[in-house]
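The next block holds one structure in the form of structure tokens; read it before the comments.
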Amino acid sequence: MQIFGVDIGGSGIKGAPVDLERGDLAQERFKVLTPHPATPDGVADGVRQVVENYGWTGPVGITFPGVVTDGATIRTAANVDASWVDVDAGALLSDRLGGLPVTVVNDADAAGVAEMHFGAGRGRRGTVFLLTFGTGIGSALFIDGTLVPNTELGHLELHGHDAEKRASSKARDDHDLSWEDWAHRVQKYLAHVEMLFSPELFIIGGGVSRKSHKFLHHIEGIKAEIVPAQLQNNAGIVGAAMRAAEER
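Quick note on our numbering: the sequence shown kicks off at -4 and runs consecutively.
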């Protein structure tokens, strides 16, 4: 079975049909740039471009970089325009897609669900974190395979700032950090999360997951196992499609 997945990020909106038996993209993904400012109307237009690129006419799962409650309502919008707060994203996006059934889910939660089912977290029990490093830091927490939704731990305070302002992939670019210097910031963030939750496993996702060989070996002193996401930056698309399939 195939379901369409879309991943809304701070820099890009990407999507593709997903083969839910394999847990992989059924076609090469298509991406458009996230508009700035990333208003509801502007982002909805970007989602429409991605979906229409494939002529898709079925259910669509869509991630959002913030807290999503009641399956559709946006509660936070740290890396997109603040006008998203309290928007019924499900209704907005369904309308923009000509009435197609839409399921909206937190972006890191979607990526985590995909990794726990098809990727690096498959079969793992105990406390597991999927952390996405991109424009911000997304977090998905699993206890014995069950998701605790909307944790948003990228906003933990680290040295007087939101952690994602110090340790996201964007922060590495903004501050022109070497991979080693950035890894030391990630290490401090992981140590803080580990102190609070004592996980058995950290799965590192987002775009940096495909470059894990450049920085993971510089992270030291963390008791939990640390591994890159196996689905890499496609995890959000796959997880969004999985959630949409559950709503059918």
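Ideal placement from N, C-alpha and C gives every residue a C-beta, glycine not left out.
Owing to the predicted nature of the structure, the values given are computational and were not obtained by experimental measurement.
Other residues of its chain near residue i: CB distance less than 6 angstroms, five sequence neighbours each side excluded
| i | result |
| --- | --- |
| R70 | V62 and T64 |
| P223 | I199, S204 and S207 |
| P32 | D76 |
Three-state secondary structure assigned by DSSP to residue i
| i | result |
| --- | --- |
| I132 | strand |
| E159 | helix |
| I69 | strand |
| G114 | coil |
| I138 | strand |
| V181 | helix |
Closer than 7 angstroms: residue i CB and nearest the ligand ATP heavy atom
| i | result |
| --- | --- |
| L20 | The ligand ATP is absent from the structure shown, which contains no ligand whatsoever. |
Straight-line Cα distance separating residue j from residue i
| i | j | result |
| --- | --- | --- |
| R119 | G202 | 23 angstroms |
| F210 | G93 | 44 angstroms |
| K218 | A240 | 36 angstroms |
| G66 | D19 | 24 angstroms |
| G155 | Q(-3) | 45 angstroms |
| P30 | V38 | 6 angstroms |
| D157 | F128 | 13 angstroms |
| Q44 | G216 | 45 angstroms |
| G131 | G4 | 9 angstroms |
| R243 | A166 | 39 angstroms |
DSSP bridge partner residues for residue i (one or two, in chain order)
| i | result |
| --- | --- |
| E220 | L196 |
| V188 | Looking at the DSSP assignment, V188 forms no beta bridge with any residue, so it has no partner. |
| P12 | F(-1) |
| D83 | T68 |
| F124 | L136 and F197 |
| E215 | For E215, which the question treats as bridged, DSSP gives no partner whatsoever. |
| I57 | V1 and V99 |
| R152 | According to the sequence displayed, residue 152 carries Glu and not Arg. According to DSSP, E152 bridges with D157. |
Contacts around residue i, its chain only, beta-carbon distance under 8 angstroms, and the 5 residues preceding and following it disregarded
| i | result |
| --- | --- |
| G271 | There is no way to answer for residue 271, as the model of the chain reaches only from -4 to 243. |
| H187 | L151, L153 and A158 |
Original post:
Can we say the region 42 to 59 touches the region 82 to 99, given the rule of at least three CB pairs closer than 8 angstroms?
Top reply: yes
Subject >> the region 226 to 234 / the region 147 to 155 touching (three or more Cβ pairs under 8 angstroms) >> reply: no
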